[in-house]
Amino acid sequence: MIATKIGEHPLTEPIIPYSKIALTPSFHRATREKHFLAHDEVPKVYLAVVGHGTVGGALLDQIVSQREELKQRKGVDLVVFAVANSRRTLFSKRGIGASWREEVATAERSADSVREIIHYAKREQLQHLIFIDNTSSAEIANRYTELVRAGFHLVSSNKVSNAQPIQGYRALRETLELYHKSYRYETNVGAGLPLIDYLQLLHLSGDKITSIRGLFSGSLGFIFNALSEGKPFGKVLREAVASGFTEPDPRIDLSGVDVARKVLILARELDLPFNLEQVEVENLVPRSLQSASLEEMWTALPDFEAHISALTAVKRGEVVRYVGTLQMPDGYRPARLQCGLQRLPAHHILAQVPGADSCFEIYTENYGSLPIVIRGAGAGAAVTAQGVFGDILRTAEVLFN
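Sequential numbering of the sequence shown, starting at 24, is according to this note's numbering.
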């Protein structure tokens, strides 16, 4: 077992989470009704979507296919006026259609998509703007403050901003409050599961959350479920990479860093001002392979497999899972964030979660020893995109109420 624990836990400065900020809307109901009378059409919300891979692509298809229905059912027109990747940006004031993929492929090259999106929105005098980030890019996440100042609300599946150093985390929320903008990121933890939303509801309603434990990683869930079935690690790892459950370099998943980010995000929702270095992380990759090339890692797979076998040895009736844990402070001990291997009875709820699904146990004072359990598909493009879509609709609803 290789564990790291860096730094202390300064719990002296509380923070205020803003994942579901309900701020003063810039467009009130009276304005909406006036708009109807003047133009006889539903109000428009203009969306800029950056990142159109598996999640972003699924999201755009969902928006395009449901646009007309949403006009009738929700009384709002979601107009995707920009779609960007790292090379090109497609603009369409009327909104993209079903052929957006072909149009993006032939769009003009873009040196700075964020700057160009801001400039286009200003030039065309677009209002009710939402910027949607479906990348994993730190470069894009670092532009959020600029976007908020330019009039955009934020919706993001990108975890980088919420796991950045606490000073930047606080600074963004101060800017959101100053400019009366919202930032929604339900899919940062648990994909489409309503975890962050429900956690905030509990926290803000006064029920004291004492701890959270769960399976935060779909890729690690897939791997350890397969190991519990007696499959060899080498075969499981190759299958996980080939199926897209892990990154092309599976050491990124096996390092535990992604789980650590997700645990940190939940901790900050509960006003714990931790930084990523303060999360205790069990890295499953042998030290000798952590800095090796990807080719060297695959060559040394037998040694890697022996290492994992030693870590996952269990007694009869037990299984091993990679679990994230958040322990809130009490009168006897400080807060503690951990992620690593845990041996569980085979009948435990976390031991019975199939495949790449996620499961979270939330313990509170009001619920006592019986945890609130949120369980379901915690990975996958379709469910993640649906979660992002939900955040867009919630943001749009605030704009017109």
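Ideal placement from N, C-alpha and C gives every residue a C-beta, glycine not left out.
Just tell me which of the options has its CA closest to the CA of residue i.
i      : options                        : result
Leu324 : Pro377, Phe256, Ala283         : Phe256
Ser159 : Thr418, Leu152, Arg284, Arg398 : Arg284
Ser184 : Ser316, Pro309, Asn211         : Asn211
Gly120 : Gly347, Ser88, Asp220, Gly74   : Ser88
Ser115 : Ala71, Val337, Gly213          : Ala71
Thr387 : His330, Thr233, Ser314         : Thr233
Val282 : Leu393, Asn181, Glu420, Gly363 : Gly363
Gln85  : Arg291, Ala128, Tyr143, Gly410 : Gly410
Ala451 : Leu250, Glu126, Gly213, Ile385 : Because the chain is modelled from 24 through 424, residue 451 falls outside the range shown and cannot be assessed.
Ala405 : Leu216, Arg172, Tyr69, Asn165  : Leu216
His226 : Pro377, Val396, Ile385, His370 : Ile385
Ser251 : Val308, Leu334, Glu300, Glu147 : Leu334
Val22  : Leu82, Leu83, Val78, Val99     : The requested residue 22 does not occur in the structure, where the chain is confined to residues 24 to 424.
Glu209 : Tyr221, Gly253, Val68          : Tyr221
Leu312 : Gly241, Gln95, Ile275          : Ile275
Ser278 : Ile140, Pro309, Leu287, Lys258 : Pro309
His203 : Arg172, Arg96, His370, Glu303  : Arg172
Ile140 : Leu289, Arg261, Tyr167         : Tyr167
Ser332 : His370, Val259, Thr322         : Val259
Ser122 : Gly80, Leu243, Tyr69           : Gly80
Ile163 : Glu200, Val73, Arg124          : Val73
Leu307 : Leu201, His330, Val68, Ser316  : His330
Ser368 : Glu300, Val343, Gly241, Gly237 : The identity of residue 368 in the sequence shown is Pro, whereas the question assumes Ser. Answer by Cα proximity: Val343.
Ser381 : Lys67, Ser205, Gly237, Arg96   : Gly237
Around the Cβ of residue i, are there at least 16 other Cβ atoms within 10 angstroms (buried) or fewer (exposed)?
i      : result
Lys145 : exposed
Asp414 : buried
Tyr355 : exposed
Asn181 : buried
Asn248 : buried
Glu169 : exposed
Gly401 : buried
His176 : buried
His142 : exposed
Ala45  : Summary for Ala45: the model assigns pLDDT 41, below 50, so the residue's position carries little reliability; its value from the coordinates is reported in the next sentence. Burial call: exposed.
Glu318 : exposed
Gly378 : exposed
Leu422 : buried
Glu147 : exposed
Leu82  : buried
Asp353 : exposed
Leu201 : exposed
Asn157 : buried
Ser205 : buried
Ser242 : buried
Assuming residue i contacts residue j under a Cβ cut-off of 8 Å, what Cβ separation, rounded to an integer in Å, is found between them?
i      : j      : result
Leu218 : Phe383 : 6 Å
Thr418 : Val178 : 6 Å
Leu152 : Gly174 : 5 Å
Glu341 : Arg366 : 5 Å
Leu113 : Glu92  : With a Cβ gap of about 23 Å, Leu113 and Glu92 do not count as contacting.
Phe245 : Phe268 : 5 Å
Val302 : Leu289 : Contact flag wrong, Cβ pair sits at about 11 Å.
Note down the Cα distance separating residue i from residue j, rounded to an integer number of angstroms.
i      : j      : result
Arg196 : Arg207 : 12 Å
Phe104 : Gln150 : 12 Å
Pro273 : Asp326 : 15 Å
Leu373 : Met320 : 30 Å
Leu429 : Gly76  : With the chain represented from 24 up to 424, any question about residue 429 goes unanswered, as that position is not in the structure.
Gly399 : Asn424 : 32 Å
Thr198 : Lys338 : 53 Å
Tyr345 : Glu305 : 9 Å
Ala130 : Gln375 : 47 Å
Leu416 : Arg291 : 24 Å
Pro271 : Ala265 : 8 Å
Val78  : Ile155 : 11 Å
Glu262 : Lys254 : 11 Å
Gln223 : Thr322 : 46 Å
Ser392 : His370 : 17 Å
Ser316 : Tyr69  : 44 Å
Val432 : Arg132 : Outside the displayed range of the chain (24 to 424) lies residue 432, so it cannot be described from this structure.
Pro394 : Gly403 : 26 Å
Ala61  : Lys67  : Here Ala61 scores only 46 on pLDDT, less than 50, and its place in the model should not be relied on; the value that follows carries that caveat. Each residue's alpha carbon lies about 14 Å from the other.
Arg96  : Ser314 : 54 Å
Glu420 : Tyr390 : 32 Å
Ala128 : Pro357 : 52 Å
Arg193 : Ser228 : 22 Å
May I ask you to check if the CB of residue i is nearer than 7 Å to at least one heavy atom of the ligand NAP?
i      : result
Thr112 : Among the components modelled here there is no ligand, and therefore nothing to report on the ligand NAP.
Can you find at least 3 beta carbon pairs, one from the region 133-148 and one from the region 99-115, that sit closer than 8 Å?
yes
Using 8 Å as the threshold, is the region 185-203 in touch with the region 292-310, meaning 3 or more CB pairs across them?
yes
Counting Cβ pairs closer than 8 Å, one from the region 341-349 and one from the region 221-238, do we hit at least three?
yes
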